[in-house]
Structure formats: C-alpha cells, structure tokens
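Undergrad:
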Amino acid sequence: MKIVKIIPVLTLLVFNAVILTGCAGEKTLPTPQPGSIAVRIVPTSAVHIVQASARQEGTILVVDGKIQRRWIGNRGIVKGHVDIDVLDANGTPIRSLSTSCSPNIIPNLSNVRSSFKARVPVAAPEGGVVKVRFHNGPDENREVL
Ligand SMILES: [Zn+2]
C-alpha cells in the first residue's frame, strides 16, 4: 500500500520539475487550445488551484487542474474537494457539481500536488465560464461526480 502511493508522487515530482524549468521567467499564459473554455479560479486560504483548464470534448466538458497547498498561516491537514460551476455568458450557473481530488488530503510536501479531473455531461455555452473552487464543507444542491 505504501509503495503504491509513493510511485505517483515520484511521477509528479519529475513532472513538476519539467514544468517549472520550462516556465521559468515566463508570465504569459499559453495560447488556449481549440475548444477550451475560460476558467475562473476562486481563491481560498488553504490551497492554490493551478493549471486549471476546461475544454469541450463532444458532449462532455472536461475540467481538470492541480491543487497545491499554501503554507503561510496554514497548519494541519488540508482536505477537501473541488466545486465546479458552469456559468453561461451572463454568469448564471447552468450546472453545479463537486468532484473529488486525488489525493483528497492535499500533500504537505511543497512540490507535490493533488489533482482533479471532472467529465461533466454538459455543452458549455458560448461565452461561458467554468468556475472552480476548493471546498471542504458540505454542499447543497450540487451534483457529485
Ligand atoms: Zn463543495
């Protein structure tokens, strides 16, 4: 069980090293891929959501990203899930759901991240936005993926 958990962590470490090196000193965001939808990340005190993206794959909206723990003023176990709201061009939610992140206890190693990926059966509207938020409380009126 221990070994099974260590392997993905090592993979992430290598992956992160490549990403960090590749992005050194570069502030501009990469050009969005075709079918990509704007993502708005709601800031929270416990974690940063990074590398979040949303794209339409046929009838499925794929939303993914990584979650990195914040360290300043933040002790103890950080655990939670990701709330996703698909908004239309007017900002009205058309789909609200939550999805788990893996691992759901955000790693307390500074360069290891948790990740999430949701496949939402919805067609994102023209001009729509996907809102993502890390959350650790109960949800009301929210589908669970
Ligand atoms: Zn929630």
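Start counting the sequence shown at 0; every next residue gets the next number (numbering that gives the first Met the number 0). Every residue gets a Cβ at the ideal spot worked out from N, C-alpha and C, and that includes glycine.
1. Buried or exposed, going by whether 16 or more other CB atoms sit within 10 Å of the CB of D84?
2. If we call anything under 9 Å between Cβ atoms a contact, is P106 one with S99?
3. Let's see if you can read the secondary structure: which residues bound the beta strand (DSSP E) around G79?
4. Taking 8 Å as the cut-off, is the C-beta of S97 nearer than that to any heavy atom in ligand 1?
5. I'd like the list of long-range same chain contacts for E25, defined as Cβ closer than 7 Å, with 5 residues on each side in sequence excluded.
6. Applying the criterion that 16 or more other CB atoms from any shown protein chain within 10 Å of the CB defines a buried residue, is V81 buried or exposed?
7. When the Cα atoms are used, what is the spatial distance from A53 to H134?
8. If contacts are defined as beta-carbon pairs under 8 Å, then N73 and S109 qualify, I think. What distance do you get, rounded to the angstrom?
9. Round the Cβ separation of I36 and K78 to the nearest angstrom and send it over; I've been treating them as touching at under 8 Å.
10. Would you say R69 and V49 are within 9 Å of each other, going by their C-beta atoms?
11. If we ignore side chains and look at the alpha-carbon of each, how far apart do L144 and R118 end up?
12. How far does the beta strand (DSSP E) with A51 in it extend, from its first residue to its last?
TA: For this structure:
1. buried
2. no
3. K78 to L86
4. yes
5. Per-residue confidence for E25 stands at a pLDDT of 47, beneath the threshold of 50, marking its modelled position as unreliable; the derived number appears in the next sentence. So no residue of the chain qualifies.
6. buried
7. 19 Å
8. Rounded, the Cβ-Cβ distance is 12 Å, inconsistent with contact.
9. Going by Cβ atoms, the distance from I36 to K78 rounds to 28 Å, so no, they are not a contact pair.
10. no
11. 8 Å
12. V46 to E56
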